[in-house]
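When you line the sequence shown up against UniProt numbering, it's residues 1 to 202, in that order.
Cβ atoms here follow ideal geometry from the backbone N, Cα and C, with glycine treated the same way.
These figures come from a predicted structure and were not determined experimentally.
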Amino acid sequence: MKSKLLLASLIISTNAFAQFPTTDLNAEFGKNQIVTLEKANKFSLSGKGIKIGDYIPSIQLVTSELKPFDTSSDNKSVKVYSVLTSVDTPVCVQQAIDLNKYFSENQDELNGIEFFAISADTPFAQQRFIKDHALQGITYLSDSSKHQFGLKTGSQIEQLGLLTRSIIVVDKSNKVVYTQRVPELTTIPDLKEAVRAAKAYL
């Protein structure tokens, strides 16, 4: 019950019509770290904190189209994972729309980079979200079942069962080359900086 009340606070305490700022602030992932909501509300992170130089572990996710996805699978592209807290919050709407717009407007410069959006929402909630906002070109991944992504990267918000807002970039060998975990949930990570880092590994 307490978690549901906290989630309700997360959803309704932010202004749906606000423009949320992009930040360059960065914090660590994992156990003993905290993330704030509007500065006053503090939540604990859990799981093993991922950091630059680590190889992303094998994490079993499912796409919004109900297809299996393994983060450690062999690939020929650099991957940018945009981590959303919940598709039912206005901050995540802006984060997702900004990502979609950036991808649409810069496709010619992004060859060799794949973009993913991850949240702990169910694939069906993600399907609704994608349709409602006419999103295209980004693969949505669900961590709703066993919260493997949250626990294996240290991005799990313990009290909510949701993911903390962040960006993780991995190279073609699945080594983590860039991370930004925003310390305040009403701010958005710097996508352009993440893409700049990704391009260095093409």
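Within 8 Å, strictly: CB atoms of residue i and residue j
i           : j      : result
Glu158      : Ser44  : yes
Phe116      : Leu141 : yes
Thr179      : Lys51  : yes
residue 204 : Thr23  : There is no way to answer for residue 204, as the model of the chain reaches only from 1 to 202.
Gln136      : Asn100 : yes
Lys172      : Ser77  : yes
Ser46       : Leu151 : yes
Phe129      : Val87  : yes
Leu163      : Ala120 : yes
Ile168      : Asp143 : no
Tyr81       : Asn174 : no
Gly154      : Gly53  : no
Tyr201      : Val177 : yes
Cβ neighbour criterion (16 or more within 10 Å) applied to residue i
i      : result
Lys79  : buried
Pro21  : exposed
Ile34  : exposed
Gln107 : exposed
Leu25  : exposed
Lys131 : exposed
Ala194 : buried
Gln19  : exposed
Leu110 : buried
Asn196 : Reading off the sequence, residue 196 comes out as Arg, not Asn. With fewer than 16 other Cβ atoms within 10 Å, it is exposed.
Asn145 : Checking the displayed sequence, the identity of residue 145 turns out to be Ser instead of Asn. The residue is exposed, with fewer than 16 neighbouring Cβ atoms inside 10 Å.
Leu66  : exposed
Ser64  : buried
Ser104 : exposed
As assigned by DSSP and simplified to three states, the class of residue i
i           : result
residue 203 : Missing from the structure shown is residue 203; the chain here goes from 1 to 202 and no further.
Leu202      : coil
Phe20       : coil
Lys31       : coil
Leu25       : coil
Lys42       : strand
Distance cut-off 7 Å: residue i Cβ against heavy atoms of the ligand ATP
i     : result
Asn26 : Within the structure as shown, the ligand ATP is missing, as the structure has no ligands at all.
Go through the UniProt domain "Thioredoxin" (50-200) residue by residue and report every complete run of the beta strand (DSSP E) that reaches 3 residues or more, in order.
-> Listed in chain order, they are 60-63, 68-70, 78-83, 113-119, 139-142, 166-170 and 176-181.
Contact between the segment 63-74 and the segment 84-98 (3+ Cβ pairs under 8 Å) | Under the Cβ criterion (8 Å, minimum of three pairs), the segment 63-74 does not count as touching the segment 84-98.
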